[in-house]
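Once you know that position 226 of the sequence shown is 226 in the UniProt record's numbering, the rest is easy, because the numbers rise by one and skip nothing.
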Amino acid sequence: MSSYPSIDTEVLRTFVAIADQGGFTRAGELVNRTQSAVSMQMKRLEEDVLQRRLFERDGRQVKLTAEGQVLLGYARRILKLHSEVFNTLREPHMVGTVRIGTPDDYVMRFLPGILQRFAQFYPLIEIEVHCESSKQLLLRQDLDLSIVTRKPGDEIGQLLRKERFVWAEAACFSVHEQTPLPLAMFNSDCFCRQWACNALDAMGRDYRVAYNSSSLSALMAVVGAGLAITAQLESLLTPDMRVLGEAENLPELPEASIMLIRNLHHPSPITECLAEHIVEGFKL
1 MSSYPSIDTE VLRTFVAIAD QGGFTRAGEL VNRTQSAVSM QMKRLEEDVL QRRLFERDGR
61 QVKLTAEGQV LLGYARRILK LHSEVFNTLR EPHMVGTVRI GTPDDYVMRF LPGILQRFAQ
121 FYPLIEIEVH CESSKQLLLR QDLDLSIVTR KPGDEIGQLL RKERFVWAEA ACFSVHEQTP
181 LPLAMFNSDC FCRQWACNAL DAMGRDYRVA YNSSSLSALM AVVGAGLAIT AQLESLLTPD
241 MRVLGEAENL PELPEASIML IRNLHHPSPI TECLAEHIVE GFKL
């Protein structure tokens with residue numbers, strides 16, 4: 001019976017960190033290893049264990065080859081199973097606290113179902129939810145998990161889903177016919193607002209940002225009252241809103257990536273369990 005070399009879970013954890021962070025240096029900081037140690041680990045994994053090239057290097061950026069993408073899927077599953085073994089056999093009644101950060105965009109749409117299912121398995125775990133913009137969340141070091149929205153090509157962490165931005169208004173109004181077009185948008189540091197304004201500028205459509213807020217519920221209230229249109233991720237629209245597009249003389253908007261970022265400085269079985277529930281929840 002032939003035998004295969006084994007891969008240590010810590011090597012897989014480092015590999016996943018490189019894939020998530022886009023480079024050896026940042027991954028090394030997260031797994032508490034030097035850049036040279038990380039490079040040596042990956043060299044042995046490529047040359048001695050798997051005998052496959054896993055990375056393509058482009059300056060300081062590192063991208064996965066096709067074989068690397070295959071390994072990434074297996075690595076995440078192996079680490080998940082590794083965590084589940086310890087959760088089941090050593091810590092069946094986990095207690096503690098998990099701190100997660102998310103823009104309030106996703107709180108009503110995704111979190112209720114995720115947290116409900118998580119509580120069924122781990123009823124003694126306390127969850128702190130911090131609602132801030134993606135830009136602010138990326139600066140925080142005290143959160144265990146962060147859900148953020150990123151532009152294409154600017155992703156870090158684990159992809160939860162890709163989704164397009166769309167124009168929308170309350171179904172019972174025709175605000176899109178007004179000139180200048182009134183917009184209800186997030187604050188000026190939000191890249192989706194920049195996308196919307198740039199797209200309108202490019203087509204020469206006259207508009208004004210009539211309402212701005214960091215709160216999705218505030219923007220939806222304004223749109224629901226027929227005071228403005230907005231541009232949001234399609235899954236966040238409420239049933240009383242309708243999507244607008246070319247027929248209403250509005251430009252197409254790009255897709256965005258919703259990402260999950262783990263704080264690898266403070267890994268724990270509790271955090272990883274919640275991370276897996278979040279991944280599954282964003283598939284629904």
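C-beta: ideal position from N, C-alpha, C; glycine also.
Smallest Cα separation from Gln-61: which of Gln-35, Phe-24, Glu-29, Gly-28? On the sequence shown, position 61 is the one that residue 61 refers to. The option with the nearest alpha carbon to Gln-61 is Phe-24.
Could you tell me the alpha carbon to alpha carbon distance between Glu-46 and Leu-54, rounded to whole angstroms? Position 46 of the sequence shown, counted from the first residue, corresponds to residue 46. Position 54 of the sequence shown, counted from the first residue, corresponds to residue 54. Rounded to whole angstroms, Glu-46 to Leu-54 spans 6 Å at the Cα level.
Please report how far the alpha carbon of Leu-264 lies from the alpha carbon of Ile-278, in whole angstroms. The sequence position of residue 264 within the sequence shown is 264, counting from 1. The sequence position of residue 278 within the sequence shown is 278, counting from 1. If you draw a straight line from the Cα of Leu-264 to the Cα of Ile-278, it is about 17 Å long.
Local conformation of Ile-278 per DSSP, three classes: Numbered from 1 along the sequence shown, position 278 holds the residue referred to as residue 278. The three-state secondary structure of Ile-278, taken from DSSP, is helix.
Is the distance from the Cβ of Glu-169 to the Cβ of Thr-230 below 9 Å? The residue labelled residue 169 in the question sits at position 169 within the sequence shown. The residue labelled residue 230 in the question sits at position 230 within the sequence shown. Between Glu-169 and Thr-230, the C-beta gap is smaller than 9 Å, which places the two residues in contact.
What are the boundary residues of the alpha helix (DSSP H) that Asp-20 is part of? Within the sequence shown, the letter at position 20 stands for residue 20. Where Asp-20 is concerned, the enclosing alpha helix (DSSP H) stretches over 9-21.
Taking C-alpha atoms, which residue in Asn-198, Asn-212, Glu-163 lies nearest to Asn-187? Here residue 187 refers to the residue found at position 187 of the sequence shown. When C-alpha distances from Asn-187 are compared across Asn-198, Asn-212, Glu-163, the shortest belongs to Asn-212.
Apart from the five residues on each side of it in sequence, which residues of its chain come closer than 8 Å, Cβ to Cβ, to His-176? Taking the sequence shown and counting its residues from 1, one reaches residue 176 at position 176. So the list reads Trp-167, Glu-169, Ile-229, Leu-244, Glu-248, Asn-249, Leu-250, once near-sequence residues are dropped.
Three-state secondary structure (DSSP) at Ser-217? Within the sequence shown, residue 217 is the residue found at index 217, counting from 1. Three-state DSSP puts Ser-217 in a helix.
Bridge partners of Cys-131, per DSSP? Along the sequence shown, read from residue 1 onward, the residue named residue 131 stands at position 131. For Cys-131, the pairing in a beta bridge is given by DSSP as Thr-102.
Could you pull out every residue in the same chain whose Cβ sits closer than 8 Å to the Cβ of Ala-202, ignoring the five residues on either side in sequence? Position 202 of the sequence shown, counted from the first residue, corresponds to residue 202. Pro-251.
Please list the terminal residues of the continuous beta strand (DSSP E) segment that includes Ala-27. Taking the first residue of the sequence shown as position 1, residue 27 is located at position 27. Per DSSP, Ala-27 belongs to no beta strand (DSSP E); it is in the alpha helix (DSSP H), 24-31.
Who are the Cβ neighbours of Val-49 in its own chain at under 7 Å, not counting the five residues just before and after it? For the purposes of this step, residue 49 is taken as the residue at position 49 of the sequence shown. Same-chain partners within the cutoff: Pro-5, Ile-7.
Using alpha carbons as the reference points, say which of Val-38, Phe-282, Ala-275 lies closest to Arg-76. If you number the sequence shown from 1, residue 76 lands on position 76. Proximity to Arg-76 across Val-38, Phe-282, Ala-275 peaks at Ala-275, based on C-alpha coordinates.
Complete runs of the beta strand (DSSP E) confined to the region 130-174 [at least 3 residues]: List check, beta strand (DSSP E) in window: 145-150, 158-170.
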